[in-house]
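Here's the structure, in structure tokens; my notes come after.
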Amino acid sequence: MRDDTATITCPVCDVAFTPDGRQRHCSTRCRQRAWRQRRAAPVEPLVTRSDTVYACPSCDARYHGIQRCEDCNTWCRRLDPGGTCPSCDEPIAISDLLDADQLANPAITTTNRREVTRPKMKPGRTPRPNPIHNS
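The sequence shown begins at 136 in my numbering and counts up by one.
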């Protein structure tokens, strides 16, 4: 047995209303708002700067995650990702620990046999124009 004359409260705005049939919200506005809240895109987490090492351009002080020099009150420049040294507790960047060769991206070699490579041109020669793409 249903009691259609009973009042219910809207889950969005907490206003009491008499429902019509299976109505759950007091208005179209609240129904749409509830639908949008249920299907909202997930919020991306904020990217923290705590894993970046900064250096002051005037006094060469290093800071871990702090962008402004505390002594000079100037903006620091970003060095690289890094952290604090476990032995001396000073900020250290990854580039301080590794050589440039170790930081460089490795050359990508493909095993695709279908990859077409163009022959190298001799010095002083220009390529022939493509008859299809005349402009």
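Yeah, the Cβ is synthetic: ideal placement off N, Cα and C, and Gly gets one too.
These numbers were taken from a predicted model, which means no experiment stands behind them.
*Mind the definition here: the segment 201-211 touches the segment 167-176 only if three or more C-beta pairs lie below 8 Å; say whether that holds.*
Touching, no, given that fewer than three Cβ pairs across the two stretches are closer than 8 Å.
*N- and C-terminal bounds of the beta strand (DSSP E) containing Asp215*: For this step, residue 215 is matched to residue 80 along the sequence shown. Per DSSP, Asp215 belongs to the beta strand (DSSP E) from 212-219.
*Figure out for me which residue from Arg164, Phe152, Asp186 has the closest Cα to the Cα of Gly218.*
Here residue 218 corresponds to residue number 83 of the sequence shown, with the count starting at 1. Considering only alpha carbons, the answer is Asp186.
_With a threshold of 6 Å on Cβ separation, who are the neighbours of Thr140 within its own chain once the five nearest residues in sequence on each side are excluded?_
In the sequence shown, the residue the question calls residue 140 occupies position 5. Close CB contacts of Thr140 within its chain, under the 6 Å cut and outside five residues either way in sequence, are absent.
*How long is the line joining the alpha carbons of Phe152 and Arg159, rounded to whole angstroms?*
In the sequence shown, the residue the question calls residue 152 occupies position 17. In the sequence shown, the residue the question calls residue 159 occupies position 24. When rounded, the distance between both Cα atoms is 9 Å.
_C-alpha distance - Pro216 paired with Gly156, whole-angstrom precision_ = In the sequence shown, the residue the question calls residue 216 occupies position 81. In the sequence shown, the residue the question calls residue 156 occupies position 21. C-alpha separation (whole angstroms): 60 Å.
*How would you label Ala235, buried or exposed, when you count the other beta carbons within 10 angstroms and need 16 or more for buried?*
Here residue 235 refers to the residue found at position 100 when the sequence shown is read from its first residue. With fewer than 16 other CB atoms across the displayed protein chains lying within 10 angstroms of its CB, Ala235 is exposed.
*According to the neighbour-count rule (16 or more other Cβ atoms, all chains shown, within 10 Å of its Cβ), is Cys191 buried or exposed?*
The residue labelled residue 191 in the question sits at position 56 within the sequence shown. Buried, since its Cβ has 16 or more Cβ neighbours within 10 Å.
*asked:* Buried or exposed for Arg212, going by 16 or more other Cβ atoms inside 10 Å?
replied: Along the sequence shown, read from residue 1 onward, the residue named residue 212 stands at position 77. By the neighbour-count rule (16 or more Cβ atoms within 10 Å), Arg212 is not buried but exposed.
_Inter-residue Cα distance where the pair is Val147 and Arg171_ = Residue mapping note: residue 147 aligns to position 12 of the sequence shown, counting from 1. Residue mapping note: residue 171 aligns to position 36 of the sequence shown, counting from 1. The straight-line gap from Cα to Cα measures roughly 11 Å.
_Proximal residues to Cys165 (C-beta, below 6 Å), its chain only, five neighbours per side dropped_ = On the sequence shown, residue 165 is found 30 positions in, with the first residue counted as 1. Sequence-distant partners of Cys165 (beyond 5 residues in either direction) whose C-beta falls short of 6 Å from its own C-beta, in its chain, are Cys145, Val147, Cys148.
*Any idea which residues DSSP pairs Arg203 with across the strands?*
Translated into positions along the sequence shown, residue 203 becomes position 68. Looking at the DSSP assignment, Arg203 forms a beta bridge with Trp210.
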